[in-house]
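Asks: Just dropping this structure here.
There are 2 protein chains.
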Amino acid sequence: MVQNNGSAPTRRGRPRAYNPQTALQLATDRFWRGGYSGTSLDQLCAETGMNRPSLYAAFGDKHTLYLKALEGYWQLSLKAIREALADDGKPLKEALLRAYDAQLAIYFAGDESPRGCFVIGTAITEAVEDVEIRNSLAAGLAMLDADFEVRLQVAHERGELQAGADPTALATLASAVLHTIAIRARAGIPRVELREIARKAVNVICGLQS
Amino acid sequence: MVQNNGSAPTRRGRPRAYNPQTALQLATDRFWRGGYSGTSLDQLCAETGMNRPSLYAAFGDKHTLYLKALEGYWQLSLKAIREALADDGKPLKEALLRAYDAQLAIYFAGDESPRGCFVIGTAITEAVEDVEIRNSLAAGLAMLDADFEVRLQVAHERGELQAGADPTALATLASAVLHTIAIRARAGIPRVELREIARKAVNVICGLQS
DNA sequence: GTTATTTTGTACCATTTCGAATAAAATCCT
DNA sequence: AGGATTTTATTCGAAATGGTACAAAATAAC
Chain A
1 MVQNNGSAPT RRGRPRAYNP QTALQLATDR FWRGGYSGTS LDQLCAETGM NRPSLYAAFG
61 DKHTLYLKAL EGYWQLSLKA IREALADDGK PLKEALLRAY DAQLAIYFAG DESPRGCFVI
121 GTAITEAVED VEIRNSLAAG LAMLDADFEV RLQVAHERGE LQAGADPTAL ATLASAVLHT
181 IAIRARAGIP RVELREIARK AVNVICGLQS
Chain B
211 MVQNNGSAPT RRGRPRAYNP QTALQLATDR FWRGGYSGTS LDQLCAETGM NRPSLYAAFG
271 DKHTLYLKAL EGYWQLSLKA IREALADDGK PLKEALLRAY DAQLAIYFAG DESPRGCFVI
331 GTAITEAVED VEIRNSLAAG LAMLDADFEV RLQVAHERGE LQAGADPTAL ATLASAVLHT
391 IAIRARAGIP RVELREIARK AVNVICGLQS
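Heads up: the protein sequence lines correspond to chains A and B, in order.
If you read the first sequence in my numbering, its first letter stands for residue 1, the second for the next number, and so on.
If you read the second sequence in my numbering, its first letter stands for residue 211, the second for the next number, and so on.
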């Protein structure tokens, strides 16, 4: 079962004309714009430059391809959040704002019209009728909450929060701020406005004036 | 142009076999579950009991039908928010919780599996590539913000908020709480949990302990 | 009763959709 | 070089899609 015993790939048959990672990223980009139901296999083929059977052999049918795209996005997105929230001794305010900035960078990546959050833009619609997508969504949201909560717990123990503050409630609020930014990004609200929302919200969460 | 000069409808041709209002509501329900792209005309016909040409004559093509459904939902939803936030002399905390409860009642209406928010579930996906849907989305979100802000301004003038609090920032946060609830509802989070999120968030917004 | 008017129901059309079958092409192993 | 193996490219097919044409049906006006 080992197909790579070192540096030489040594695959047997005709070499692939595509790179699986970049192909998955291109497919993700396409779903990002059109949604799951709104994106056809033809569009995915055009975007990835792959023909139908290759796409199929590489990622399975449309549904499993989308699930892989969704999984990849969660990993990317949560990694960015965790790095931003990593405890580096700096104040909570900075960490939170760094987390929101990291997400905004994803939402507004590329030259095209802003795409917002991939999860909000594609998974939310399908979640109600698709169990697997719904489970992935619920799991990702829970991890996001958990990441914020860890950081707010640290801040609480360090006395950064207001007296009597509830770190768990504030963590949910921190998630809520990210959610509202994701939604507004999809509605075409410019990036600077979204950042301002984040900045003011961080002040409220941290219990500061203005 | 007057087609109803009192109580007698007196339409000329064959009478309609459907009620436009209920038909639009049924179409809305169908979009609610499947999304815009994920819902076919056949499904809309099946749900409304209308045949294709009748649906067409009544509401135009799929796109305009959806826009009417979206408009109707905004009206219903914002009306509920405004009624809940109406100043009746009671404390802000109560008004906010009433607003969230009103939305939860919409999200969890019916016996079927919970559908969450219609806007979040259907418009967000299409908004990026569809200008009309995006505009409707942006306008609705702005009105939601405005409704919260009016109420928070009142609370501020009445001294209900913490010293130095920013009513506008808190209004955005109040919207954010609604957004996160809408997203989580779509992810299958049970109603009681969502209400608890609302309750705790209201306490933070109002500057109370726990 | 006849005619005008509006809606209904069936059938139809062109296109798109997802998926698969098949043969050609490009590599590795011997 | 020859065979095995894997991927590519073209093609096909059955079903679903959005939208429309047209005759039958049901009512109001005359």
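All residues carry an ideal CB built from backbone N, CA and C; glycine is no exception.
I'd like to know whether the C-beta atoms of A:Cys214 and A:Ser77 end up nearer to each other than 9 Å.
Replies: Coverage of chain A is limited to positions 1 through 210, which leaves residue 214 of chain A absent and any answer about it impossible.
Asks: Is it buried or exposed for A:Val204, if we count other Cβ within 10 angstroms and need 16 for buried?
Replies: Buried, since its Cβ has 16 or more Cβ neighbours within 10 Å.
Asks: Closest by CA to B:Arg310, which one among B:Glu322, B:Gly299, B:Ala294, B:Arg396?
Replies: Going by the sequence as given, residue 310 of chain B is Tyr instead of Arg. Nearest C-alpha to B:Tyr310: B:Ala294.
Asks: Assuming A:Arg186 and B:Ala337 are in contact, meaning their beta carbons sit under 8 Å apart, how far apart are those beta carbons, in whole angstroms?
Replies: Correct: roughly 5 Å between the Cβ atoms.
Asks: Counting contacts by CB-CB distance shorter than 9 Å, is A:Asp61 in contact with chain B?
Replies: By this cut-off, A:Asp61 is not an interface position.
Asks: How many Å lie between B:Glu359 and B:Tyr317 at the Cα?
Replies: Their backbone Cα atoms lie some 23 Å apart in a straight line.
Asks: Is there a C-beta anywhere in chain B that falls below 9 Å from the one on A:Thr125?
Replies: Chain B, which has a Cβ nearer than 9 Å to the Cβ of A:Thr125, makes this yes.
Asks: Taking C-alpha atoms, which residue in B:Pro225, B:Arg361, B:Gly223, B:Ala227 lies nearest to B:Leu302?
Replies: If we check each option's Cα against that of B:Leu302, B:Arg361 comes out closest.
Asks: Nearest chain A C-beta to B:Gly223 closer than 9 Å, yes or no?
Replies: No, its Cβ sits nowhere closer than 9 Å to a Cβ of chain A.
Asks: Using the three-state DSSP reduction, which class does B:Ala227 fall into: helix, strand or coil?
Replies: Of the three classes helix, strand and coil, the one that applies to B:Ala227 here is coil, per DSSP.
Asks: Between which two residues does the alpha helix (DSSP H) containing A:Ala12 stretch?
Replies: In the sequence as displayed, the identity of residue 12 of chain A is Arg instead of Ala. That residue, A:Arg12, is in no alpha helix (DSSP H); it is neither H nor E in DSSP.
Asks: Return the chain-ordered list of same chain residues with a C-beta closer than 6 Å to the C-beta of B:Val387, the five sequence neighbours on each side being excluded.
Replies: Counting only Cβ-Cβ distances below 6 Å, and skipping sequence neighbours, we find Ala411.
Asks: Measuring only between beta-carbons, confirm whether B:Arg361 sits less than 9 Å from chain A.
Replies: Answer no: the Cβ-Cβ gap between B:Arg361 and chain A never drops below 9 Å.
Asks: DSSP three-state call for B:Val414: helix, strand or coil?
Replies: Helix.
Asks: State whether the segment 257-264 of chain B contacts the segment 224-243 of chain B, with contact taken as three or more CB pairs (one from each stretch) at a distance under 8 Å.
Replies: Because the criterion of three Cβ pairs below 8 Å is met, the segment 257-264 of chain B and the segment 224-243 of chain B touch.
Asks: In chain order, what residues of the same chain have a beta carbon less than 6 Å from the beta carbon of A:Leu97, not counting five sequence neighbours either side?
Replies: The answer, listed in chain order, is Val202.
Asks: In chain B, which residues lie less than 7 Å from A:Ser37 when you measure between Cβ atoms?
Replies: In chain order: Gly245, Ser247, Gly248.
Asks: Mind listing the chain A neighbours of B:His366? Cutoff is C-beta to C-beta under 9 Å, in chain order.
Replies: The contacting residues do not exist; B:His366 stays about 14 Å from chain A at best.
Asks: Return the chain-ordered ranges of every beta strand (DSSP E) run that is complete within the segment 90-162 of chain A and spans a minimum of 3 residues.
Replies: Counting whole runs of 3 or more residues, the segment 90-162 of chain A contains no beta strand (DSSP E) stretch at all.
Asks: What's the C-alpha gap between A:Arg82 and B:His389?
Replies: Looking at the two C-alpha atoms, the distance is approximately 23 Å.
Asks: Does any C-beta atom of chain B lie closer than 9 Å to the C-beta of A:Asp88?
Replies: It does not; no Cβ of chain B falls within 9 Å.
Asks: Quick check on this structure: which residue in B:Gly299, B:Gly270, B:Thr274 has the alpha carbon closest to the alpha carbon of B:Val341?
Replies: Closest by alpha carbon: B:Thr274.
Asks: Are the beta-carbon atoms of A:Arg184 and A:Glu196 separated by less than 9 Å?
Replies: In this structure, A:Glu196 does not lie closer than 9 Å to A:Arg184 by Cβ.
Asks: Is B:Thr249 helix, strand or coil by DSSP?
Replies: Three-state DSSP puts B:Thr249 in coil, outside helix and strand.
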